[in-house]
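> Under the working numbering, residue 286 is the last one in the sequence shown; the count climbs by one each step, no gaps.
Sharing a structure, written as structure tokens. Questions coming.
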Amino acid sequence: MEIGTLVDYCDQLLDAKSGRDFGPNGLQVEGTREVRRIATGVSACVELFERAREAGADAILVHHGLIWESLAAQPLVGFRRRRLAALIEPGLHLVAYHLPLDRHAELGNNALAAKGLGLYSVEPFAEVQGQPVGCRGRYPEPLPAADLVARCRELFGQEPLAFLAGPDPVSTVGIVSGGAQGELHAAIAAGLDAYLTGEVSEWVMHVAREAGIHFLACGHHATERLGIRALGDHLAARFGLEHEFIDVPNPV
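Now the structure itself:
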């Protein structure tokens, strides 16, 4: 299929043109190939591009693309040139979806995390760039805090950094994937028992303890594997494409 057809479908599916983001969503680097096989990964990097080429991919879909407003007007030298060369020389397309793939109600990182953790009554939570990107939910039967940690460990594949300072057992949980430790304040304001994100900052432990809320940092990369992989699976089923999720492990 043509890359434009694929991107148009993704734009509509994810409502990608709605709201602000930290960089452009959709096609970021145009290749030369007709798309029969896609690779997905969390973050654009040379290792992902090289492994996708070796796997025979024609297009790569990522959550973290190459183009960001905060990195505008940077010269294409050094590692930036090498990244582009790893795409352009083999003719690979690069497509990126950031906040749209956090907030989507079915394929989004946060919705899939809520489902994987067994939460019910899931609803939007925590605004980023003017739109809610996270979600919140509850357990019909309150869950021991240690069991919530265990579920996070199993779902995300690594040991969470947990400050267990909230009610035990846990009834309500807020989730914002990635580097959203700042949304801890939104979780406190909402009266939630626990808040889950990817990263942590030095101040978080004290705030969590003093506010009486559980905080779990489960990994920026780990919490954002879910959506891009699900998008690739969806596209493969919808259009008869081959799909491979390529994980480039990152402990952060």
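Glycine included, every Cβ here is placed at the ideal spot set by N, Cα and C.
None of the values given here were measured: they were computed from a predicted structure.
Where do the N-terminal and C-terminal ends of the alpha helix (DSSP H) with R263 fall, by residue?
Your numbering for residue 263 matches position 229 in the sequence shown. Looking at the DSSP string, the run of the alpha helix (DSSP H) that includes R263 is R259 to F273.
> Using the C-alpha atoms, what's the distance from T257 back to E278?
Here residue 278 is taken as the residue at index 244 of the sequence shown, counted from 1. Here residue 257 is taken as the residue at index 223 of the sequence shown, counted from 1. Roughly 19 Å separates the two Cα atoms.
> Starting from I72, follow the beta strand (DSSP E) in both directions and report where the run begins and ends.
The residue you call residue 72 lines up with position 38 of the sequence shown. First-last of the beta strand (DSSP E) with I72: R71 to S77.
> Does the Cβ-Cβ distance between L133 and V96 come in under 8 Å?
The residue you call residue 133 lines up with position 99 of the sequence shown. The residue you call residue 96 lines up with position 62 of the sequence shown. No, the pair does not count as a contact, with Cβ atoms beyond the cut-off.
> Between which residues of its own chain and S205 is the CB-CB distance below 7 Å, once the five residues before and five after are set aside?
Here residue 205 refers to the residue found at position 171 of the sequence shown. Here the set comprises R172, Y173, P176 and D227.
> Are the CB atoms of R137 and L275 nearer to each other than 8 Å?
Within the sequence shown, the letter at position 103 stands for residue 137. Within the sequence shown, the letter at position 241 stands for residue 275. For R137 and L275, no; Cβs fall outside 8 Å.
> Nearest-angstrom Cα distance between N284 and H255?
What you label residue 284 is simply residue 250 of the sequence shown in a count that begins at 1. What you label residue 255 is simply residue 221 of the sequence shown in a count that begins at 1. If I take the Cα positions, the gap works out to 6 Å.
> Measuring CB to CB, does G246 end up less than 8 Å from A180?
Locating residue 246 in the sequence shown gives position 212, where the first residue counts as 1. Locating residue 180 in the sequence shown gives position 146, where the first residue counts as 1. No, they are not a contact pair.
> Output the residue ranges of the beta strand (DSSP E) runs that lie fully inside the region 128-163 and measure 3 residues or longer, sorted by chain position.
The region 128-163 contains these whole beta strand (DSSP E) runs: 154-162.
> Which ranges does the beta strand (DSSP E) cover as unbroken runs of at least 3 residues, wholly within the region 82-137, from first to last along the chain?
Correct list: 93-98 and 127-130.
> Are V63 and L110 close, meaning C-beta to C-beta below 8 Å?
Indexing the sequence shown from 1 puts residue 63 at position 29. Indexing the sequence shown from 1 puts residue 110 at position 76. No, these two residues do not count as a Cβ contact at 8 Å.
> Flag this pair as yes or no: are the beta carbons of I122 and D92 separated by less than 8 Å?
On the sequence shown, residue 122 is found 88 positions in, with the first residue counted as 1. On the sequence shown, residue 92 is found 58 positions in, with the first residue counted as 1. Taking 8 Å as the Cβ cut-off, I122 and D92 do not qualify as a contacting pair.
> Since C44 is in the alpha helix (DSSP H), which residue starts that stretch and which ends it?
By one-based count along the sequence shown, residue 44 stands at place 10. Where C44 is concerned, the enclosing alpha helix (DSSP H) stretches over I37 to L48.
> On the three-state DSSP scale, how would you describe V215?
For the purposes of this step, residue 215 is identified with residue 181 of the sequence shown, where counting begins at 1. A quick correction: the sequence has Gln, not Val, at residue 215. Helix.
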